Amino acid sequence: MKILKRDKREVDFDHLKIKNAIEKAFDSVGKSYVDSVINAYALDIKETLLKNYDPKNPPTVEEIQDLVELKLIDEKEIEVVKAYILYRNRHSEERQILDKFANYITDDKVLKILKFVRKTYDPKKYELENLYKKFESFVKKDQSQDAYLSEIIKAASELTDKDAPRWEFIAALFLNYDLEKKIKANLEEFKINNFYEKIVFLTEKGLYGKYILENYSKEDILELEDYIDNSRNRLLNYSGLDLLIKRYVIRSHDGRFVESIQEMFMGIAMHLAIPEKNRIYWAKKFYDIYSSLKVTVATPTMSNARKPYNQLSSCFIDTVPDTLKGIYRSIDNFAQISKHGGGMGLYFGKVRATGSDIRGFKGVAGGVIRWIKLANDTAVAVDQLGVRQGSVACYLDAWHKDIPEFLQLRTNNGDDRMKAHDIFPAISYPNLFFELAEKDINATWYMFDPHEVLAKKGYSLEDFYGKEWEEKYRECIEDESISRREMSVKDLVRLIIKSLTETGTPFAFYRDNVNEMNPNKHVGMIYSSNLCTEIMQNMSAIETLDTTIETEDGDEVIVTKTKPGDFVVCNLASLVLGNIDLEDDKELKDIVATTVRALDNVIDLNYYPIPYAKVTNRKYRSIGLGTSGYHHALVKAGMAFSDIEDHLKWADDLYERINFHAVTASMEIAKEKGSYDFFEGSDWENGNYFDLRDYKDAKWNKLREEVKANGLRNGYIMAIAPTGSTSIIAATSAGVDPIMNRYFLEEKKGSILPRVAPDLTPQSFWLYENAHELDQNFVIEAAAIRQRHIDQAQSINFYITTDFTMRKILNLYIKAAKEKLKSVYYVRSKSLEVEDCDYCAS
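Heads up: the sequence shown begins at 1 in full-length UniProt numbering, then just goes up one per residue.
Put into structure tokens, the structure is as follows:
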């Protein structure tokens, strides 16, 4: 028996479709039913149709639906038949709306997406009629089909609100089709028929690195093309997809789209799998975690992997030495890093203060401010091909003589010639400073010139930490031959908090907490952090050993020998907690292990803008496994941020498991590929790492012994970055911060786009507390719980309101020091706009 569809097609009759329709009607009113009874209803309708069946005039869909209504009435299922009639009417209205769209749109695929939306999304929240009304308010007569598609995208994105948040994802369906349509037209012109031919084309045009074709055969690439899952595009919301299109997918030199979203993910995966023996297996594994948005890679990795200039690292940290040649070398290093898309942390704590001596001439040194201004001007000048301004965080110790001027670099008062508005100031604090701020705020704080201390005492204060630093500090105070600058702790705190409330900076670096927990303290010292305050690795200045004149091919050449020091590099990726089933520890373990392996491969694949970075990166093989979507995952687990007891228990368990899996993964790779150079004697090797974190149960004791026996691939493993842009791509919350708004408006391309918290529902709405409404002590307590399981640090912010006094802000920093946090990123007030770090976004 055939039936006649609305589009006049004849198809085979299937009584199970009637059965399904009746079941949905029962479900819609919450009424239970017996499967065999509903099946009998459907068979009765089938018998009625067969009795009157005429092959020349088959029954229509409407006629069959009429019979369903009559059957339900006969069975006295009045409530159900009402629901069924309403369902029919609603679908009839939606078909009319589709007909209205068809008056403008002739592209069948756009109409197909509209039908998909109708079938997939709750019709009460996501009515096509609302989309049509919004669309109709934009369109003009005789626009092109491309223009109509753009208007649908705009209409869907603007319908997003807290009651209907999934319009963001509906808008993305149309935006992705728009991208695919453009790619298809370009591929036809370029005569590209498959992924292999596309990679050949992109390689010839200098848009893909030659190393892809050198490491993958045609058969390999076609196999990986078959593995691509385009349905994963549906995981992207409008803002995330828009960001990928604008910033990450590859275009031709004249700006035409060539690479699709899923090909981008596969290209990144293929690049990161090159060091593996079984490249195809690992390319698929890497692709799965990236394309399913369970892991995001750092912005430079996403942007540059698979390309000729594959600078994959996010941030770099340099120790500025106290020599003219060394200072300019550090500035040049920053320029080279910025040119290739990296951000920088510069530690100025070794540079002599204002009024220090130079070659015995007293009072002639200009201090650190003039050099910081040079870094500021470099950030502006080397603007990364006009894409964005360079970024640098400048760190100075709290006891440095120039600290008061340093604190006024970005504030509104004072001499404009002493300003550096484009750098990000950060202070390295000893715990003593906050102990005095808490217990004796009127105590005198002494500030010294590092050059004079070294000359007169034979040591550098910055080379010590903890109680040993305090002893050296008091020695300097007691030595009357050493000049000093004095100020009460209270007055210095006032300068700090004035800067915090006006600019959101200085960032805070808790040097004692950092170095006490440094797993590689046996071979170095950590003086400062990076641009986003989460990287904590051994640092030392680059030194010029000697310069000689040699003869080469008959010409005299000048050869400079340089000791590379420890020039820190950050290789980052983040687990997207809101998109992972955290209850499934097997899944979590697999994702962590896969991510650690990919990050380790970055070290060998990376293009290094300067050679010092390459040397340090390969000595320590440091990685930064982070997390994003923290607040998202917390809400999905049914908790508000302020449910502090349950929250802390949840965080403690989760981050311990992540850390356990990460250390295990690094150990397993070490068995296969060898340990980092300084493993022997490290806290990893001697067990202090586990003791300091009170890891004493059976599984940790077993892992301790396995690490000792097999080594560790990576000297530093975990670091939680801010993840500003990549969390937008993953449709999740940023880093470990609470969200700032459940619902807000964002300006884009001259229009205002509504944005909502991830997976917002009526149930989750009240669980999502806004960051500025939270007790900031909760933020610190949660960070302290996580910090135990993180060998480096986490980028956290404080959110303040106009109710915060100086003492209230100071108390947050005191508490952070006492809770053994390692850093604090911005202070964010509602009225203050601060620049999110896009370098460490991961």
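Positions of the beta carbon are idealized from the N, C-alpha and C atoms, including for glycine.
Since this is a predicted model, take the numbers as computed values, not measurements.
Check: Using a Cβ distance threshold of 8 Å, determine whether the segment 642-656 contacts the segment 365-381, with at least three qualifying pairs required.; Outcome: no
Check: Just checking, does the segment 508-522 make contact with the segment 715-731 on the three C-beta pairs under 8 Å criterion?; Outcome: yes
Check: Using alpha carbons as the reference points, say which of Thr503, Lys284, Ile358 and His253 lies closest to Asp226.; Outcome: Lys284
Check: Using a Cβ-Cβ cutoff of less than 6 Å, which residues in the same chain neighbour Thr60 once the five nearest sequence positions on both sides are dropped?; Outcome: Leu4
Check: Quick one: is residue 844 buried, meaning 16 or more other Cβ sit within 10 Å of its Cβ, or exposed?; Outcome: Nothing can be reported for residue 844, as the shown portion of the chain is limited to 1 through 842.
Check: Which class does Arg693 belong to by DSSP, given the choice of helix, strand or coil?; Outcome: coil
Check: When you compare the CB of Asp604 with every CB in chain C, is at least one pair closer than 8 Å?; Outcome: Among the chains of the structure shown, chain C does not appear; only one protein chain is present.
Check: By the 10 Å Cβ neighbour count, where 16 or more other Cβ atoms means buried, how is Tyr287 classified, buried or exposed?; Outcome: buried
Check: Below 7 Å CB to CB, which residues in the same chain sit around Ala155 once its five sequence neighbours on both sides are set aside?; Outcome: Leu131, Lys134, Phe135 and Phe138
Check: Using only the alpha-carbon positions, how far apart do Glu706 and Glu672 sit?; Outcome: 14 Å
Check: Between Lys125 and Ala164, is the Cβ-Cβ spacing less than 8 Å?; Outcome: yes
Check: Have a look at Asn617, Asp691, Val736 and Asn701 and flag the residue whose alpha-carbon is nearest the alpha-carbon of Tyr655.; Outcome: Val736
Check: Below 8 Å between beta carbons: does that hold for Lys307 and Gly390?; Outcome: no
Check: Quick one, which of Ile441, Leu454 and His400 has its alpha-carbon nearest Leu810's?; Outcome: Ile441
Check: If the criterion is Cβ atoms closer than 8 Å, does the pair Phe744 and Lys699 meet it?; Outcome: no
Check: Going by DSSP, what residue range makes up the alpha helix (DSSP H) through Asp44?; Outcome: Asp35 to Lys51
Check: Contact check, Arg351 vs Ile327 under 8 Å by CB: the rounded distance?; Outcome: Note that residue 351 is Val in the sequence shown, not Arg. Yes, Val351 and Ile327 are in contact; Cβ-Cβ is about 7 Å, under 8 Å.
Check: In the DSSP assignment, find the unbroken alpha helix (DSSP H) run with Ile152 in it and report its ends.; Outcome: Gln145 to Glu158
Check: Starting from the Cα of Arg370, find the closest Cα among Phe348, Ala730 and Lys456 and give me that residue.; Outcome: Phe348
Check: If we require 4 or more residues per run, which alpha helix (DSSP H) segments fall completely within the segment 780-829?; Outcome: 806-818
Check: How long is the line joining the alpha carbons of Leu324 and Lys472, rounded to whole angstroms?; Outcome: 27 Å
Check: Return the CA-CA distance between Ile317 and Cys532, expressed in angstroms with no decimal places.; Outcome: 11 Å
Check: In chain order, what residues of the same chain lie with their CB nearer than 6 Å to the CB of Arg574, ignoring the 5 residues before and after it?; Outcome: Note that residue 574 is Ser in the sequence shown, not Arg. So the qualifying residues of the chain are Thr296, Gly626, Thr627, Ser628, Thr723 and Ser842.
Check: Note down, in chain order, each residue of its chain lying with its Cβ closer than 8 Å to the Cβ of Ala379, except the 5 sequence neighbours on either side.; Outcome: Phe334, Ser338, Gln389, Gly390, Ser391, Val392, Asp422 and Ile423
Check: Would you grab the beta carbon distance between Ala670 and Asn710 for me? Rounded to a whole angstrom, and I think it's under 8 Å.; Outcome: 6 Å
Check: Between Arg474, Tyr695, Asp697 and Asn797, which lies nearest to Arg828 when the distance is taken from Cα to Cα?; Outcome: Asn797
Check: Compare the Cα-Cα distances from Met447 to each of Met487, Ile427 and Leu436 and report the closest residue.; Outcome: Met487
Check: If you reduce the DSSP assignment to three classes, tell me which class Ala573 lands in.; Outcome: strand
Check: Suppose the cutoff is 7 Å on Cβ atoms and the five residues either side in sequence are ignored; what does the same chain contact list for Asn777 look like?; Outcome: Lys815
Check: Classify Phe369 as helix, strand or coil using the three-state DSSP reduction.; Outcome: Here residue 369 is Ile; the residue named in the question, Phe, does not match the sequence. Helix, per DSSP.
Check: Could you check the C-alpha separation between Thr106 and Asp99 for me, to the nearest Å?; Outcome: 11 Å
Check: Hey, out of Asn601, Arg494, Lys182 and Lys820, whose CA is closest to Arg693's CA?; Outcome: Lys820
Check: For Ala508, which of helix, strand or coil comes out of DSSP?; Outcome: strand
Check: Per DSSP, which one or two residues make a beta bridge with Ala393?; Outcome: Gly345 and Phe424
Check: Near Asp220, what residues of its chain come up, given a Cβ to Cβ distance below 8 Å and the 5 sequence neighbours on each side ignored?; Outcome: Arg279 and Ile280
Check: Going by C-alpha distance, which of Ile591, Lys614 and Ala598 is nearest Arg657?; Outcome: Ile591
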